[in-house]
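Protein chains in written order, with the working numbering: chain L, 7 to 229; chain U, 7 to 229.
Backbone N, C-alpha and C define an ideal beta-carbon position, used for all residues, glycine too.
Each remark here refers to the structure printed beneath this line.
Protein chains: 2
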Amino acid sequence: MCPDDFHIFSVLTPREREAVDRITSTRRYARGETIFAEGQDGAGFFIVRTGRVKIYKLSADGKEQILHIFGPGELFAEAAAFDDHPYPANADALEDASILFIPKRPFTDLIALNPRIALRMLGVMSRRLHHLAALIDDLSLKEVPARLARYLLHLTPNPPAHTVITLDITKAQLASSLGTIPETLSRGITKLTLAGLIAVDGSKITILDPDRLENLSWSGKPD
Amino acid sequence: MCPDDFHIFSVLTPREREAVDRITSTRRYARGETIFAEGQDGAGFFIVRTGRVKIYKLSADGKEQILHIFGPGELFAEAAAFDDHPYPANADALEDASILFIPKRPFTDLIALNPRIALRMLGVMSRRLHHLAALIDDLSLKEVPARLARYLLHLTPNPPAHTVITLDITKAQLASSLGTIPETLSRGITKLTLAGLIAVDGSKITILDPDRLENLSWSGKPD
DNA sequence: CGCTGCGTTGAGCTTCTTCAACGATCGTGG
DNA sequence: CCACGATCGTTGAAGAAGCTCAACGCAGCG
Numbered sequence: 007m008c009p010d011d012f013h014i015f016s017v018l019t020p021r022e023r024e025a026v027d028r029i030t031s032t033r034r035y036a037r038g039e040t041i042f043a044e045g046q047d048g049a050g051f052f053i054v055r056t057g058r059v060k061i062y063k064l065s066a067d068g069k070e071q072i073l074h075i076f077g078p079g080e081l082f083a084e085a086a087a088f089d090d091h092p093y094p095a096n097a098d099a100l101e102d103a104s105i106l107f108i109p110k111r112p113f114t115d116l117i118a119l120n121p122r123i124a125l126r127m128l129g130v131m132s133r134r135l136h137h138l139a140a141l142i143d144d145l146s147l148k149e150v151p152a153r154l155a156r157y158l159l160h161l162t163p164n165p166p167a168h169t170v171i172t173l174d175i176t177k178a179q180l181a182s183s184l185g186t187i188p189e190t191l192s193r194g195i196t197k198l199t200l201a202g203l204i205a206v207d208g209s210k211i212t213i214l215d216p217d218r219l220e221n222l223s224w225s226g227k228p229d
Numbered sequence: 007m008c009p010d011d012f013h014i015f016s017v018l019t020p021r022e023r024e025a026v027d028r029i030t031s032t033r034r035y036a037r038g039e040t041i042f043a044e045g046q047d048g049a050g051f052f053i054v055r056t057g058r059v060k061i062y063k064l065s066a067d068g069k070e071q072i073l074h075i076f077g078p079g080e081l082f083a084e085a086a087a088f089d090d091h092p093y094p095a096n097a098d099a100l101e102d103a104s105i106l107f108i109p110k111r112p113f114t115d116l117i118a119l120n121p122r123i124a125l126r127m128l129g130v131m132s133r134r135l136h137h138l139a140a141l142i143d144d145l146s147l148k149e150v151p152a153r154l155a156r157y158l159l160h161l162t163p164n165p166p167a168h169t170v171i172t173l174d175i176t177k178a179q180l181a182s183s184l185g186t187i188p189e190t191l192s193r194g195i196t197k198l199t200l201a202g203l204i205a206v207d208g209s210k211i212t213i214l215d216p217d218r219l220e221n222l223s224w225s226g227k228p229d
């Protein structure tokens, strides 16, 4: 969402940047590979250089809830750096990925010297909190078609009619991001299509009626 | 949960504490009074001195999802201090309350001088992220009885059999915290009672079978 | 060509919510 | 002191939303 994440280091002087370079290391992951699992010791956090990463929870019977999908420039698992809990979720590479790892200890030392990084980091975490709060709002208070509407509008705020959105994830992943399963998402899409709010062709979604879509994403109820 | 929140200021020197005192103000709220509403400008954050506060989301048709309940010593709406978004949720006083208000600007200035406060704050926000992630896990992946089980175990980890827990919130509030409504919670309680996991008398809940309760809170499915 | 992953559709079932009614408790005012 | 209303909690019956399971179409790719 916010590739600015990477900019937490942009406030550094060149000398400080060298210090960062010294403590970080780049890791490579193949598509589908696990980066860390829930419960694993939170040794540090990550910044995506290339590829994409999904952060997700798994239920006992295998259902998955995606919390985030992060792309280049974005930072994840940052909470691990500031408490002693294990990672509270799983992280997999969605595609082949190159990822920067920043271990906990030296980074917190760095922050102690650099309040400006701390402020950046606080900003990043505030955004995460907002994102999760919005997700809870969806899960607890809205039906699937409304979540879908909100997702689309979040991708392109205030779209004019006939805006075309191309999904960059599979519908199964979208379902998991919205807290549901592919079948239910598929039916939700059908509902919005029949109601004339959107038109779908593969991964291309055309916004036909932005106003009613907006309304739906608020109210949680179709007209 | 963590009254340590207040300790963010414990790392200050007396001189710095004076500076804090100068920028903060104490506000009083009556039971049921609104502290802030979703969408309102996030002017700063709060620390509870006395009383309790609920942070919640509201759906269009009035259903409420409680995100947090905070008591004395705890800090809330801290994310508002570090981004420019409006408050993403509502806050009401559950009881008559005395609350410290810390306005955004002078506080971020203070942090710029005091990396140690920043680290404390990062720790607080990490805990919030964990809490919300756990809530999402519940909402998306678990049934109501399992959420209840987890709630009870969270209050008293590893309880011996016959441990008695006294709820300090109403069952309606508990329902809202668990992402459901009083009727459904009531039926969930009945289910656990009939299964012999707990016994309930008013707001006193006795843990009868901690092992199966633990198991349920994981798996999301009764035996 | 056949495989595999993705997406859709249908039928049946579970869980949760809605709506309504009712009992208990508690504090207030007559 | 009792009556009343308000809040809280429980229960029942009906309906809605979502999930499971199974089948099928389709595309890409070996």
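Neighbour flag for residue i against chain U, beta carbons, 7 Å
i	result
GLY129(L)	yes
PRO163(L)	no
GLN71(L)	yes
ARG134(L)	yes
ASP89(L)	yes
ILE117(L)	yes
ALA139(L)	yes
ALA124(L)	yes
ALA85(L)	yes
Rounded C-alpha distance that separates residue i from residue j
i	j	result
ILE195(U)	THR169(U)	17 Å
ALA99(L)	PHE52(L)	12 Å
ILE142(L)	ARG126(L)	25 Å
LEU119(L)	ALA43(L)	31 Å
ASP67(U)	LEU222(L)	12 Å
ASP217(L)	ARG156(L)	12 Å
ILE204(U)	GLY185(U)	21 Å
PHE113(L)	PRO188(L)	40 Å
LEU161(L)	PRO163(U)	41 Å
ALA152(U)	GLN46(L)	23 Å
THR56(U)	ILE175(U)	16 Å
ALA49(U)	GLU220(L)	27 Å
PRO121(L)	PRO94(U)	26 Å
LEU159(U)	PRO166(U)	11 Å
PRO228(U)	ILE213(U)	With a pLDDT of 46 at PRO228(U), under the threshold of 50, the predicted position of this residue should be treated as unreliable, though the coordinate-derived value follows. Looking at the two C-alpha atoms, the distance is approximately 16 Å.
GLU233(L)	ASP115(L)	Outside the shown range of chain L (7 to 229) lies residue 233(L), about which nothing can therefore be said.
Chain U residues whose Cβ lies nearer than 7 Å to that of residue i
i	result
GLY185(L)	SER146
The beta strand (DSSP E) enclosing residue i, as first and last residue numbers
i	result
ALA176(U)	According to the sequence as given, residue 176(U) is Thr; it is not Ala. Looking at the DSSP string, THR176(U) is not in any beta strand (DSSP E), and its letter there is neither H nor E.
GLU70(L)	70-76
GLY194(U)	Here GLY194(U) belongs to no beta strand (DSSP E); instead the alpha helix (DSSP H) covers 188-200.
LEU64(U)	59-64
ILE14(L)	Segment: none, ILE14(L) is in no beta strand (DSSP E) and carries neither H nor E.
PRO109(U)	103-109
GLY50(U)	50-56
PHE42(L)	40-42
ASP89(U)	Careful: ASP89(U) lies outside any beta strand (DSSP E) and carries neither H nor E.
ASN96(U)	96-99
7 Å Cβ cutoff, residue i in contact with chain L
i	result
ASP102(U)	no
ALA25(U)	no
PRO94(U)	yes
Chain-ordered chain L contacts of residue i [CB-CB under 8 Å]
i	result
PRO121(U)	ILE117, ALA118, LEU119, ASN120, PRO121 and ALA124
THR114(U)	LEU125
Residue range of the unbroken alpha helix (DSSP H) whose run includes residue i
i	result
TYR157(L)	150-161
ARG34(L)	Note, ARG34(L): premise wrong, no alpha helix (DSSP H); beta strand (DSSP E) at 31-35.
GLY129(L)	121-147
| Are there three or more Cβ pairs, one per stretch, closer than 8 Å when the stretch 118-134 of chain L is compared with the stretch 75-88 of chain U? | Touching, yes.
| task | Could you tell me whether the stretch 90-107 of chain L touches the stretch 30-48 of chain L, using the rule of 3 or more Cβ pairs below 8 Å? | result | Short answer: they touch.
| said: Across the stretch 107-123 of chain U and the stretch 58-75 of chain U, are there enough close Cβ pairs to call them in contact, namely three or more that are closer than 8 Å? | reply: No, the stretch 107-123 of chain U does not touch the stretch 58-75 of chain U.
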